[in-house]
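Taken in order, the sequence shown gives residues 1 to 336; the numbers are from full-length UniProt numbering. Ideal placement from N, C-alpha and C gives every residue a C-beta, glycine not left out. Each remark here refers to the structure printed beneath this line.
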Amino acid sequence: MTKRREALKDFLTPVSSPEFSAENPRYHRPRQQVPSGALQSMNDAISGLSKEAEELRKALAEGSTIVDIEPDQVESSFVKDRLDDYTGEEFDSLVASIRENGQAIPVLVRPHPEREGFYQLAFGHRRVAALRILNKRVKALVREMTDEELVIAQGNENLERKDLSFIERALFALRLEERGMSRSVIMSTFGTNSKGVLSEMISLARRLPPTLVEAIGPAPGIGRPRWVALADLLESSPDADWKSTVAGSGFKYLQSADRFEAVFKLLKNKPTRNRSATRPWGAPDKSVTANVKEGEKALMITFYSKNGKPFGEWISHNLDSLYEAFRKLEKQENGE
1 MTKRREALKD
11 FLTPVSSPEF
21 SAENPRYHRP
31 RQQVPSGALQ
41 SMNDAISGLS
51 KEAEELRKAL
61 AEGSTIVDIE
71 PDQVESSFVK
81 DRLDDYTGEE
91 FDSLVASIRE
101 NGQAIPVLVR
111 PHPEREGFYQ
121 LAFGHRRVAA
131 LRILNKRVKA
141 LVREMTDEEL
151 VIAQGNENLE
161 RKDLSFIERA
171 LFALRLEERG
181 MSRSVIMSTF
191 GTNSKGVLSE
201 MISLARRLPP
211 TLVEAIGPAP
221 GIGRPRWVAL
231 ADLLESSPDA
241 DWKSTVAGSG
251 FKYLQSADRF
261 EAVFKLLKNK
271 PTRNRSATRP
281 WGAPDKSVTA
291 NVKEGEKALM
301 ITFYSKNGKP
311 FGEWISHNLD
321 SLYEAFRKLE
331 KQENGE
């Protein structure tokens with residue numbers, strides 16, 4: 001049995017700490033034995049979370065309590081560590097799993113330092129988001145934590161899961177520093193002893209416009225060298241019109257890594273507001289993507305992806321009706 005499996009097995013072993021409800025913390029309920037099938041489901045659901053299991057076991061050993069909390073009573077950590085909005089196939093699978101099997105393992109929270117009756121998450125943000133969708137109560141382990149202890153627990157979960165992208169880690173480090181966290185605490189959060197690596201991440205995050213990074217998103221698979229190159233291009237092309245690109249109607253429908261590539265290509269070609277520029281477009285169902293190149297006297301659209309060619313052919317076969325619709329709309333707008 002691997003060390004990780006042993007850690008999870010230890011955590012799943014029934015403990016003597018009583019379980020409470022948020023409404024009646026003095027009400028003791030007998031602990032039920034979990035069927036072996038449920039144990040396997042729980043084990044599968046938290047595969048790769050041995051760090052988290054260690055934190056939860058530690059909290060139980062220190063006398064922390066398990067409570068059932070309404071999702072609206074749970075607030076996120078005071079430092080955001082992700083750029084996504086809890087969408088996509090992986091998150092949908094989590095929602096489906098909780099709907100079918102229930103919440104496999106509690107999240108870790110502390111009593112909210114500013115709002116009585118509320119709690120602040122250390123880890124388990126995805127689970128809470130899924131439970132909100134399902135309108136289910138949150139099983140949470142309540143533990144008194146300082147700000148430093150909370151972010152270290154939050155960072156350790158991400159470190160173990162290895163599911164934060166490079167730019168998310170860099171922004172997380174920058175936000176921690178801006179909150180006044182010491183470099184030693186930030187290094188503990190990331191599980192590193194290298195001050196140089198941490199300094200490089202924070203320095204790079206400062207070079208990137210926050211609105212651009214938020215628009216691009218986590219960009220999984222895009223590592224430090226590409227982000228450094230993007231920062232260099234931004235500084236060498238201050239007049240490049242990337243804001244129009246990210247504001248385009250189809251930009252948000254592109255995959256995050258494709259959004260990065262679209263901005264990178266724009267900056268590399270160094271178009272400005274007074275020159276031709278290429279902006280991306282994507283269908284809401286992501287089956288068609290396109291590049292729209294605008295010049296002073298011409299416009300060219302190139303279609304890609306699975307349905308790109310069929311969609312382009314359909315447009316070419318319906319130019320007469322499309323132009324007629326355009327002229328009709330133009331007359332209406334001009335009051336003709």
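For chain C, find out if any of its Cβ atoms is closer than 7 Å to the Cβ of residue i; answer yes or no.
i	result
residue 106	The question asks about chain C, but that chain is absent: this structure has only one protein chain.
Between which residues of its own chain and residue i is the CB-CB distance below 8 Å, once the five residues before and five after are set aside?
i	result
residue 94	126, 127 and 130
residue 206	174
residue 192	198
residue 79	151, 154, 172, 175, 176 and 179
residue 75	112, 115, 118, 119, 120 and 121
residue 164	81, 82, 158, 172 and 218
What residue range does the beta strand (DSSP E) around residue i cover?
i	result
residue 245	Premise fails: residue 245 lies in the alpha helix (DSSP H), 242 to 247, not in any beta strand (DSSP E).
residue 289	289 to 294
residue 300	299 to 304
residue 123	119 to 123
residue 379	Limits of the chain in this structure are 1 at one end and 336 at the other, which puts residue 379 out of reach.
residue 141	138 to 142
residue 211	Premise fails: residue 211 lies in the alpha helix (DSSP H), 210 to 216, not in any beta strand (DSSP E).
residue 65	65 to 69
Beta-carbon within less than 7 Å of residue i's beta-carbon, same chain only, minus the 5 sequence neighbours each way: which residues are those?
i	result
residue 149	none
residue 69	22, 119, 137, 138 and 140
residue 347	Coverage of the chain is limited to positions 1 through 336, which leaves residue 347 absent and any answer about it impossible.
residue 304	289 and 290
residue 40	Caution applies to residue 40, whose pLDDT of 45 falls short of 50 and renders its modelled position unreliable; the value that the coordinates give is listed next. If we look at residue 40 and ignore the five residues flanking it on each side, it has no Cβ neighbours.
residue 283	253
For residue i, report the span of its alpha helix (DSSP H) as first-last.
i	result
residue 92	89 to 101
residue 224	224 to 236
residue 266	256 to 269
residue 108	No alpha helix (DSSP H) contains residue 108, which is instead part of the beta strand (DSSP E) from 107 to 111.
residue 176	166 to 178
residue 195	195 to 207
residue 309	308 to 317
Excluding the five sequence neighbours on either side, which residues of its own chain have a C-beta within less than 6 Å of the C-beta of residue i, listed in chain order?
i	result
residue 154	77, 122 and 123
residue 293	278 and 300
residue 221	257
residue 113	none
residue 209	none
residue 88	none
residue 20	Bear in mind that a pLDDT of 43 at residue 20, under 50, signals an unreliable position, so the model cannot answer this.
residue 37	Only weak support is given to the placement of residue 37: the predicted model assigns it a pLDDT of 44, under 50, and the question is left unresolved by the model.
Should residue i and residue j be called a contact, given that it needs their Cβ atoms to be closer than 7 Å?
i	j	result
residue 240	residue 267	yes
residue 82	residue 168	yes
residue 306	residue 287	yes
residue 229	residue 257	no
residue 115	residue 71	no
residue 181	residue 198	no
residue 223	residue 311	no
residue 189	residue 151	yes
Mind reading off the beta-carbon distance from residue i to residue j? Whole number of angstroms is fine, and I expect it under 8 Å.
i	j	result
residue 102	residue 73	Not quite, the Cβ-Cβ distance comes to about 19 Å (not below 8 Å), so this is no contact.
residue 195	residue 179	About 18 Å; that fails the 8 Å criterion.
For the ligand PLP, is there any heavy atom lying closer than 6 Å to the beta carbon of residue i?
i	result
residue 200	This structure does not include the ligand PLP; it has no bound ligands of any sort.
*asked:* Under 8 Å, with one C-beta from each stretch per pair, do the segment 257 to 268 and the segment 200 to 216 reach the 3-pair mark?
replied: yes
*Does the segment 172 to 179 come close enough to the segment 197 to 206 to have 3 or more Cβ pairs within less than 8 Å?*
yes
*At least 3 beta-carbon pairs within less than 8 Å: the segment 94 to 109 vs the segment 138 to 145*: yes
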